[in-house]
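Q: Chains as they are written, first to last, in my numbering: chain A, 0 to 343; chain B, 25 to 107; chain C, 350 to 709.
From the three backbone atoms N, C-alpha and C, an ideal C-beta is built for every residue, glycine too.
Handing you this structure, nothing more for now.
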Amino acid sequence: MAQVEEPGPEATDRELTMSRAMVEAIATEMREDEEVFVMGEDVADYGGIFDSTEGLLEEFGYDRIVDVPISETSFIGAGVGAAMQGMRPIVELMFADFFGVAMDQIYNNMAKNAYMSGGSVSVPMVLMTAVGGTYNDAAQHSQTLYGTFAHLPGMKVVVPSTAYDAKGLMHAAIRDDDPVVYMFHKRLMGLAWMPAPEGPKTGVPEDDYEIGFGEADVKREGDDVTVVTLGLHVHRALEAAADLADDGIETEVIDLRTLVPLDTETVLESVRKTGKLVVVDEDYHSYGVSGEIVARASEGALDDLEAVSRVTMPDTPIPYARPLENEVLPDADDVAAAIRSVGE
Amino acid sequence: MIDVDSAAVWPEDADDVDEGVVANWFVREGGQVDEDETICEIQVEKVSVDVPAPAAGTLTEVLVDENEEFRRGDPLARIEPSE
Amino acid sequence: MRTLDVCSTVAIMVGANTLQQMYEEMVTARHYEERLQEEYLEGKQPAFDISAGPIPGELHLAAGHEASAAGVCAHLRDDDTVTAPHRPHHVAISKGVDLERMTAEIFGRETGLSRGKGGHMHLYDPDVNFACSGIIAQGVPPAVGAALAAKKRNTDDVAVAFLGEGAIDQGAFLESLNLAGVHDLPVVFVVEDNDWAISMPKERVTDVDDGSQRADGFDVHRERVDVDDAVAIYEAAGEAVGRARDGNGPTVLEVQVHRRMGHFMGDPEAYRPDEDVELARERDSIERMEGHLEEHGFTGEDRAEIRERAHERVEEAIEWAKDQPQPDPEEAYEDVFTDELEDWPERRDRELAAADGGEE
Chain A
0 MAQVEEPGPE ATDRELTMSR AMVEAIATEM REDEEVFVMG EDVADYGGIF DSTEGLLEEF
60 GYDRIVDVPI SETSFIGAGV GAAMQGMRPI VELMFADFFG VAMDQIYNNM AKNAYMSGGS
120 VSVPMVLMTA VGGTYNDAAQ HSQTLYGTFA HLPGMKVVVP STAYDAKGLM HAAIRDDDPV
180 VYMFHKRLMG LAWMPAPEGP KTGVPEDDYE IGFGEADVKR EGDDVTVVTL GLHVHRALEA
240 AADLADDGIE TEVIDLRTLV PLDTETVLES VRKTGKLVVV DEDYHSYGVS GEIVARASEG
300 ALDDLEAVSR VTMPDTPIPY ARPLENEVLP DADDVAAAIR SVGE
Chain B
25 MIDVDSAAVW PEDADDVDEG VVANWFVREG GQVDEDETIC EIQVEKVSVD VPAPAAGTLT
85 EVLVDENEEF RRGDPLARIE PSE
Chain C
350 MRTLDVCSTV AIMVGANTLQ QMYEEMVTAR HYEERLQEEY LEGKQPAFDI SAGPIPGELH
410 LAAGHEASAA GVCAHLRDDD TVTAPHRPHH VAISKGVDLE RMTAEIFGRE TGLSRGKGGH
470 MHLYDPDVNF ACSGIIAQGV PPAVGAALAA KKRNTDDVAV AFLGEGAIDQ GAFLESLNLA
530 GVHDLPVVFV VEDNDWAISM PKERVTDVDD GSQRADGFDV HRERVDVDDA VAIYEAAGEA
590 VGRARDGNGP TVLEVQVHRR MGHFMGDPEA YRPDEDVELA RERDSIERME GHLEEHGFTG
650 EDRAEIRERA HERVEEAIEW AKDQPQPDPE EAYEDVFTDE LEDWPERRDR ELAAADGGEE
């Protein structure tokens, strides 16, 4: 993809929350292409439970902002079918946790149809879904499941951490000819009822722009330790890095931004420089993103690796009570402790 | 100098409430705004309300920061109108 | 007690004791939800922050649904299984779930039903065979499984799955109807129709007005109770539960209820016309129940006494729950398996924190 010079988040006085940046990209694409439409539970009048479609009904009406029955198998599968006809549906799965209801449509149709057809069909749809914990919603409404989606070949997987990235990634996702799973963290959306941390609200240029898939972003530069992370934990890692800088530890924070494709080169470059790798992931510990990053670093920069650590959700379902969720959910202190441990 | 009046956007069904909270600012201090551009989001009785700029100009001062409370009628910010 | 004859007035069919019990459950459930609402909003004013206050996370209250649970569960025993969805409190109360431990769970305390791991959408009380799933319609297949177990063991236990009218569009429900129908299982599917699937009115997302019609395609018995009235529901449920208990197969029973609060606490309900909110308030199953009680000779004083007892029970449960200890963070790592694995889960993070000189 030819890379146009991006205007950057500092090029404007206007700041947006992540949800508003996503909506702006969707609205722009819908104005330009009649074939783009949104389908999901509570996307019309409610504007999406997490504001991902807020205000779109007023401009585009019920024909293009479509409330659907609580039938994930049916409407996600219908998204696949409409995409195979050449339309560009944006289908919202209210919580990523609900993917299980429609797993076959996602895993066996959406992800595989292009390949199984020998490339004769494509599935240009966006599966947009809310992920993450931090607000005590317990085991069935708090997961990120990054690894579950990134594992199976055939889906591109996008995880924005800022409004600027969210808009550029949404434009790219809608224009992409393949299924893109767009996983937004609830805590980053800027919802009035779930205050976001410092960081995800950024300057967002009004003109459209794309953030190319497979381009990790170095959110902070440093020579001592590399932290690779995504989503909410970009901000927790930045918080830890700022604290550690006072003690003279310079941390480089890499925001993966897309899991499929994965920007291995940016990770390797950093690891070659620092020799020390910490991977921070809100997903479960085993068989997921953290293991994958460590494996790629080992394959590509084994001689440079001096120390490795993973900070993740442990292999337990996510508990409800505040002290229990706080225990399992990695926070900035957990990240700082891991950085110190590899930095020694 | 024009005040951004919180009472002007008070939701109808929150007539019995006099307190609100600023959820988000969308313009930095010193930033340029167009008339009617959404400059911040307030929350009153669980309802989110977008606050438009009353005039085009420069947002010179934010008077209520994010996550801070205000009372109905409190000015939220000041705008220096252009021209 | 179960009567299947058609009688001229409902008051004849339902005994005074049952009537009183149902009323007591309903006012308990109503007061419970009103009190939980207060507790939930504590610490969430004036800014509503879902993760703040003594009860964090989502909270789906069932005010306006009480008649359904009271009318159905009046026919159930502890051995009968009930599964409930994300809006479970009234069902739990009528099924006889331990109110104190349930409340402690909702407050996330160590002595809660799930030791603080489940929360309000995931209540389990095996003593009375009660369980939940927070995902739409996903509690239905396990109820079919309980019915399957009863049939295999040749007991006369039954299972009841509660679900919302929005859930009748889910495969998990429709497939369950077929499995239950094919095997003639002792299960009743209770569809609580409150007219709204979060913000989506029933007519926008469901093709039928009468959700019990789903049963027709599966050769399963069906009935819809068109009135939000515990006695009417009691009668219909008597036949459905009786049918299951006597080995005559499953029933879909849809009952009209009303949503008196938002979908969840914090739902501004901007999508809902004021008139609809008003109508839901007016059609109050508890007021209707008071009419039945009056017909049965219960004076206003009798009813006040029942209400007072119910309110006291709720207050005691909430007071007890708030007094309970918070769970020890270490407990987060327990209960993943029943046959616990050694050194599970991997705890490298702990070692790091320790190496760093202590816990966070």
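Using a C-beta cutoff of 8 Å, does E326/A count as contacting chain C?
A: yes
Q: Less than 8 Å between the beta carbons of S400/C and T133/A, yes or no?
A: yes
Q: Residues of chain B with a CB under 8 Å from the CB of G615/C: which are they?
A: The answer, in chain order, is K70.
Q: Can you grab the Cα-Cα spacing for the pair G646/C / E654/C, in whole Å?
A: Answer to the nearest angstrom: the Cα atoms are 14 Å apart.
Q: Contact check, T143/A vs G131/A under 8 Å by CB: the rounded distance?
A: T143/A to G131/A, Cβ: 5 Å. Contact.
Q: Going by the CB atoms, is the gap between V489/C and T432/C shorter than 8 Å?
A: Closer than 8 Å, so yes.
Q: Are V51/B and L83/B close, meaning C-beta to C-beta below 8 Å?
A: yes
Q: Beta carbon of G274/A, beta carbon of E251/A: below 8 Å?
A: no
Q: Within this structure, are the beta carbons of V28/B and P99/B separated by less than 8 Å?
A: The answer is yes: Cβ separation under 8 Å.
Q: Measuring from the CB of P88/A, is there a heavy atom of the ligand MG at a distance below 7 Å?
A: The ligand MG is not part of the structure shown, which contains no ligands of any sort.
Q: In chain order, what are the residue ranges of uninterrupted alpha helix (DSSP H) at least 4 long that sit wholly in the segment 96-133 of chain A?
A: 112-115
Q: Below 8 Å, how does it come out for the segment 382-402 of chain C and the segment 110-127 of chain A: are there three or more Cβ pairs, yes or no?
A: no
Q: Is W49/B helix, strand or coil when you go by DSSP?
A: strand
Q: In chain C, what lies closer than 8 Å to V33/B by C-beta?
A: Against chain C, a Cβ distance below 8 Å from V33/B picks out nothing, because the smallest value is about 15 Å.
Q: Considering Cα atoms alone, identify which of H660/C, Q675/C, G598/C is closest to A378/C.
A: H660/C
Q: Taking all protein chains shown into account, do 16 or more other C-beta atoms lie within 10 angstroms of the C-beta of A110/A, making it buried, or fewer, making it exposed?
A: buried
Q: A510/C and V539/C - do their beta-carbons sit closer together than 8 Å?
A: yes
Q: Per DSSP, what kind of secondary structure is G706/C in: helix, strand or coil?
A: With a pLDDT of 49 at G706/C, under the threshold of 50, the modelled position of that residue is not reliable, and no figure is offered here.
Q: Grab me the residues of Q67/B's own chain with a C-beta within less than 7 Å of its C-beta, minus the 5 sequence neighbours each way, in chain order.
A: G44, V45, A47
Q: Assuming T228/A and S269/A are in contact, meaning their beta carbons sit under 8 Å apart, how far apart are those beta carbons, in whole angstroms?
A: The pair is not a contact, with the Cβ atoms about 12 Å apart (cut-off 8 Å).
Q: Residues of the segment 13-32 of chain A in Cβ contact with chain C at a cutoff of 8 Å, in chain order, please.
A: none
Q: Can you pull the chain B residues whose beta carbon is under 7 Å from the beta carbon of G189/A, in chain order?
A: N48
Q: When you compare the CB of D27/B with every CB in chain C, is at least one pair closer than 8 Å?
A: no
Q: Against chain B, does F397/C count as a neighbour if the rule is that its beta carbon must be under 8 Å from one of theirs?
A: So, interface residue.
Q: According to DSSP, is D354/C helix, strand or coil?
A: Any reading at D354/C must be qualified, since the residue scores a pLDDT of 44, below 50, and its modelled position is unreliable; no value is offered.
Q: Please name the residue in E415/C, R573/C, D625/C whose C-alpha comes closest to that of E374/C.
A: It is E415/C whose Cα lies nearest to the Cα of E374/C.
Q: Could you confirm whether any beta carbon from chain A is found closer than 8 Å to the beta carbon of V88/B?
A: Chain A, which has no Cβ nearer than 8 Å to the Cβ of V88/B, makes this no.
Q: Taking only the alpha-carbon atoms, compute the straight-line gap between L261/A and M312/A and give it to the nearest angstrom.
A: 21 Å
Q: For G401/C, would you say it is in contact with chain B, using Cβ-to-Cβ distances shorter than 8 Å as the test?
A: Note that residue 401/C is Ala in the sequence shown, not Gly. For A401/C, the answer is no, since every Cβ of chain B falls outside 8 Å of its Cβ.
Q: Does S357/C pass the burial test, meaning 16 or more other C-beta atoms within 10 Å, or should it be called exposed?
A: Summary for S357/C: the model assigns pLDDT 41, below 50, so the residue's position carries little reliability; its value from the coordinates is reported in the next sentence. Residue burial is scored here from C-beta neighbours: S357/C has fewer than 16 other C-beta atoms within 10 angstroms and is therefore classed as exposed.
Q: Buried or exposed: which applies to A31/B, given that a residue is buried once 16 or more other Cβ atoms fall within 10 Å of its Cβ?
A: By the C-beta density criterion, A31/B is exposed, having fewer than 16 other C-beta atoms within 10 angstroms.
Q: Would you say L368/C lies against chain B (beta-carbon separation less than 8 Å)?
A: no
Q: Against chain A, does P405/C count as a neighbour if the rule is that its beta carbon must be under 8 Å from one of theirs?
A: Yes, because at least one Cβ of chain A sits closer than 8 Å to the Cβ of P405/C.
Q: Give a yes or no on whether 8 Å exceeds the smallest Cβ distance from I484/C to chain A.
A: yes
Q: Within the same chain, show all residues whose beta-carbon is closer than 8 Å to that of L353/C, passing over the 5 residues directly before and after it, in chain order.
A: Confidence in L353/C is poor, its pLDDT being 41 and thus under 50, which makes the residue's placement unreliable; the coordinate value appears in the next sentence. Cβ within range, chain order: G587, E588, G591.
Q: As a quick exercise: from P599/C, V601/C, C481/C, Q386/C, pick the residue whose alpha carbon is nearest that of R436/C.
A: Ranking the options by Cα distance to R436/C, first place goes to C481/C.
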